[in-house]
Amino acid sequence: MKTVLNVIWLVLSGFWLALGYVAAGIVCCILIVTIPFGIASFRIAGYALWPFGRTIVDKPGAGAGSVIGNVIWIVFAGFWLALAHIASGIALCVTIIGIPLGIANFKMVPISLVPLGKDIVSTDALRQPYPAGYPYPPQR
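Position 128 (the sequence shown) corresponds to 128 in full-length UniProt numbering; numbering is contiguous.
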């Protein structure tokens, strides 16, 4: 079922949203100082292409640098990418078959606003037992 949803997602909105993240990543990588933002943008672009079967967790050890970086990200790119997710989610929710895709779009709004200090992991990886000291699953 994840594959079917991912293929429908890719056709209806995933490609265009990923293109927005790639554009933001290229602009951020052109400016040398903002390369960490570009890397985060490329990481999210992959998630925007194929979101079902993956989830977002907090990175252990993310500190003040992530908070400061997220504030800068919101001002320059995050706000516009979040608006794209909201607009796409509303458009997808108009049809019955698009409702799950619209909900997935709304779930991507937080990472589009604050990508630093977050990690994208497989939902299957969260179900497996972890050795002692492994940083996942996240503390809830």
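The C-beta atom is built at its ideal place from N, Cα and C for all residues, glycine as well.
Bear in mind that the values here come from a model prediction, so they are computed numbers and not experimental data.
Here Thr-55 is bridged, per DSSP, to Val-121.
Contact check for Leu-31 against Ser-66 fails: the beta carbons are separated by 8 Å or more. DSSP places Thr-3 inside the alpha helix (DSSP H), whose first and last residues are 2-9. Per the C-alpha coordinates, the member of Thr-3, Leu-12, Thr-123, Lys-118 positioned closest to Gly-61 is Lys-118. Residue range 109-113 is occupied by the alpha helix (DSSP H) that includes Ser-112.
With a threshold of 16 other beta carbon atoms within 10 Å, Gly-53 falls short and is exposed.
Taking the Cα positions, Val-121 is about 6 Å away from Thr-55.
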